[in-house]
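For reference, the structure is listed below as C-alpha cells.
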Amino acid sequence: METTGGGEYHPPGTEDFLWYSVWPGVFPDWVNKPLIQAIIGALIVMGLWWWASRNLKVQPTKGQFLAEYVYEFVRNGIARDILHHDFKKFLPYLLGLFSFLLVNNWFGEMFFFMYPTFSNVGYAYGLAILSWLIYVGAGFKKWGVGGFLKKSLVPEGVPGYLLPLVVPLEFLATFITRPITLALRLFANLFAGHLVVLVFVVGGGYLVSQADNLFYNVSGVVSIAFSIIILCLELFIGALQAYIFTVLTAQYVSSSIAEAH
1 METTGGGEYH
11 PPGTEDFLWY
21 SVWPGVFPDW
31 VNKPLIQAII
41 GALIVMGLWW
51 WASRNLKVQP
61 TKGQFLAEYV
71 YEFVRNGIAR
81 DILHHDFKKF
91 LPYLLGLFSF
101 LLVNNWFGEM
111 FFFMYPTFSN
121 VGYAYGLAIL
131 SWLIYVGAGF
141 KKWGVGGFLK
151 KSLVPEGVPG
161 YLLPLVVPLE
171 FLATFITRPI
181 TLALRLFANL
191 FAGHLVVLVF
201 VVGGGYLVSQ
211 ADNLFYNVSG
221 VVSIAFSIII
231 LCLELFIGAL
241 QAYIFTVLTA
251 QYVSSSIAEA
261 H
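Throughout the sequence shown, residue numbering follows UniProt numbering, covering 1 to 261 in sequence.
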C-alpha cells in the first residue's frame, strides 16, 4: 500500500486490515481502531434512538419521520412478517441489531473512520454468536433443553434407520454452521468491498503522483473517480448486509420457537 523512496508500488492486501493498540505501551493490541469504532457505533445507536423517542409529535419532523421509517421497516418488514405474534419479544434486539450493523458498515464510507468494523472477522463472529445465543436461548425457553434438542435434531417423519445420519447433520446445521455462515457472509462482503476501494484509491493515487507518464496519470484520475462510485455502491451493500443479517437472525429465532419444525 505504501511507496518506497524509489517509487515502488505495493498493492493493498490483508495487512491493511491488521490493527494494533491505539496507544502502544498503554493499552493492549486488542484496544484498537475496530474496537473503538464498535463502541462509538453502539453509543451512536443508543443516542440516536434516545433522541428520536423524545418529544414525539403528531405531525413528525424530518428526523422523527426518518426514525419512524426505520422502526417500521424493521418492525413490519422483518420482525412481524417473520416472527408473527411473537415479534414484540424480539423487536428491540432486531432493531438494535440492524441499527448497529448499519452504522458500523457505513463507517467504511465516512471520513475519519474509512473502515467498516465488520471487515474484521472477529467482530462478525462476535455478533453472530450473540444472535446464536438469542435463537438457541429462545428455543430452550419455549421447549426446554430436551424438547428443543429433540425438535431441532429429530425432524418429523424421518425413518428411525436414518436418524444416525440425520441427527449429526441437524446438529451441525443448528449449532455450528448457522453462526459460522452468518459471520462469514457479513465479513466477506465488507472485507472484499473495502479492499476493492483501497485498490482503486491507492493505485489511482500512485498513478497520479508517482508515474511519469500522461496515460498513467489520466488512468489514475479515472481510478480515483471510479472509487467514488464504488464508495456509493458500498453504502448500498452495507445496508443490504445489515438487512440480510437481521432477517436471517429473525428466521433462525422463528425456526427455534415455531410449532412445526
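For every residue, glycine included, the Cβ atom is placed at its ideal position computed from N, Cα and C.
- What's the gap between the Cα of serine 256 and the Cα of leucine 83? One-based indexing of the sequence shown puts residue 256 at position 256. One-based indexing of the sequence shown puts residue 83 at position 83. In a straight line, the C-alpha of serine 256 is about 11 angstroms away from that of leucine 83.
- Less than 7 angstroms separating the beta-carbons of phenylalanine 245 and leucine 186? Working through the sequence shown from its first residue, we reach residue 245 at position 245. Working through the sequence shown from its first residue, we reach residue 186 at position 186. For phenylalanine 245 and leucine 186, yes; Cβs fall inside 7 angstroms.
- Where the alpha helix (DSSP H) containing phenylalanine 200 begins and where it ends: Here residue 200 corresponds to residue number 200 of the sequence shown, with the count starting at 1. It spans 178-209 - the alpha helix (DSSP H) in which phenylalanine 200 sits, taken as one unbroken run.
- Nearest residue (CA-CA) to tryptophan 132, options Gly146, Trp143 and Pro179: Position 132 of the sequence shown holds residue 132. Of the listed residues, the one whose Cα sits closest to tryptophan 132 is Pro179.
- Nearest neighbour of tryptophan 19, chosen from Leu214, Val145 and Ile36 [CA to CA]: Translated into the one-based positions of the sequence shown, residue 19 becomes position 19. Of the listed residues, the one whose Cα sits closest to tryptophan 19 is Ile36.
- What are the boundary residues of the alpha helix (DSSP H) that isoleucine 224 is part of? The residue you call residue 224 lines up with position 224 of the sequence shown. From DSSP, the alpha helix (DSSP H) with isoleucine 224 extends over 214-257.
- Does DSSP put tyrosine 9 in a helix, in a strand, or in coil? Here residue 9 refers to the residue found at position 9 of the sequence shown. Tyrosine 9 falls in the strand class under three-state DSSP.
- Buried/exposed call for tyrosine 216, threshold 16 Cβ in 10 Å: The count along the sequence shown starts at 1 and reaches residue 216 at position 216. It counts as exposed.
- For valine 103 versus valine 45, is the C-beta spacing smaller than 7 angstroms? Here residue 103 refers to the residue found at position 103 when the sequence shown is read from its first residue. Here residue 45 refers to the residue found at position 45 when the sequence shown is read from its first residue. Yes, these two residues count as a Cβ contact at 7 angstroms.
- Query: CB-CB under 6 angstroms to leucine 101, same chain, minus the five flanking residues each way: which ones, in chain order?
  - Reply: Residue 101 sits at position 101 when you count from the first residue of the sequence shown. Contacts found: Ala242 and Phe245.
- Query: If you run the structure through DSSP and keep just helix, strand and coil, what is glutamine 64?
  - Reply: Along the sequence shown, one-based indexing puts residue 64 at 64. In this structure, glutamine 64 counts as helix in the three-state DSSP scheme.
- Message: Need the endpoints of the alpha helix (DSSP H) that asparagine 104 sits in, please.
- Response: Numbered from 1 along the sequence shown, position 104 holds the residue referred to as residue 104. First-last of the alpha helix (DSSP H) with asparagine 104: 87-106.
- Message: If I follow the unbroken alpha helix (DSSP H) through leucine 133, where does it start and stop?
- Response: Translated into positions along the sequence shown, residue 133 becomes position 133. Counting along the chain, the alpha helix (DSSP H) containing leucine 133 begins and ends at 121-153.
- Those runs of the alpha helix (DSSP H) which lie wholly inside the region 12-85 and span at least 4 residues: 33-52 and 62-74
- Task: Starting from the C-beta of alanine 52, find all residues in its chain whose C-beta is less than 6 angstroms away, skip the five residues before and the five after it, and write them out in chain order.
- Result: Translated into positions along the sequence shown, residue 52 becomes position 52. Within the same chain, alanine 52 has close Cβ partners Ala67.
- Task: Rounded to whole angstroms, what's the CA-CA distance from glutamate 156 to threonine 177? Just pull it up for me.
- Result: Within the sequence shown, numbered from 1, the residue matching residue 156 stands at position 156. Within the sequence shown, numbered from 1, the residue matching residue 177 stands at position 177. Looking at the two C-alpha atoms, the distance is approximately 21 angstroms.
- When Ile224, Gly41 and Val70 are compared against phenylalanine 113, the one with the closest alpha-carbon: Sequence index remark: in the sequence shown, residue 113 carries index 113 (1-based). Selected option, being the one with the closest Cα: Gly41.
- Query: Does DSSP classify residue 339 as helix, strand or coil?
  - Reply: Here the chain has residues from 1 to 261 only, and residue 339 is not among them.
- Message: Measuring straight from C-alpha to C-alpha, what distance separates glycine 96 and glutamine 251?
- Response: Translated into positions along the sequence shown, residue 96 becomes position 96. Translated into positions along the sequence shown, residue 251 becomes position 251. Going from the Cα of glycine 96 to the Cα of glutamine 251 covers about 16 angstroms.
- Task: For valine 158, name the three-state secondary structure that DSSP assigns.
- Result: Residue numbering aside, residue 158 sits at position 158 when the sequence shown is read from its first letter. Correct three-state label for valine 158: coil.
- Grab me the residues of valine 253's own chain with a C-beta within less than 7 angstroms of its C-beta, minus the 5 sequence neighbours each way, in chain order. Numbered from its first residue, the sequence shown carries residue 253 at position 253. So the list reads Leu83, Phe90, Ile134, Tyr135 and Ala138, once near-sequence residues are dropped.
- Item | Simplified DSSP assignment, three categories, for glutamate 2 | Looking up residue 2 in the sequence shown gives position 2. At glutamate 2, the pLDDT of 44 sits below 50, so the modelled position is not reliable; the number obtained from the coordinates is stated separately. Glutamate 2 falls in the coil class under three-state DSSP.
- Would proline 12 pass as a contact of leucine 198 if the rule is Cβ separation under 7 angstroms? Taking the sequence shown and counting its residues from 1, the one referred to as residue 12 is at position 12. Taking the sequence shown and counting its residues from 1, the one referred to as residue 198 is at position 198. It is a contact, given that the beta carbons lie within the stated cut-off.
- Message: So, at 8 angstroms on beta carbons, what are the nonlocal neighbours of leucine 184 in its own chain, with the 5 sequence-adjacent residues on each side left out?
- Response: For this step, residue 184 is matched to residue 184 along the sequence shown. Counting only Cβ-Cβ distances below 8 angstroms, and skipping sequence neighbours, we find Val121 and Ala124.
- Item | isoleucine 78 beta carbon less than 7 angstroms from that of valine 247 | The sequence position of residue 247 within the sequence shown is 247, counting from 1. The sequence position of residue 78 within the sequence shown is 78, counting from 1. Their beta carbons are under 7 angstroms apart, which means valine 247 touches isoleucine 78 by this criterion.
- Item | the region 199-207 / the region 221-231 touching (three or more Cβ pairs under 8 angstroms) | yes
- Message: Using C-beta distances below 7 angstroms, list every residue in its chain close to residue 350, excluding the 5 sequence neighbours before and after it, in chain order.
- Response: As displayed, the chain neither begins before 1 nor continues past 261, which places residue 350 out of reach and without an answer.
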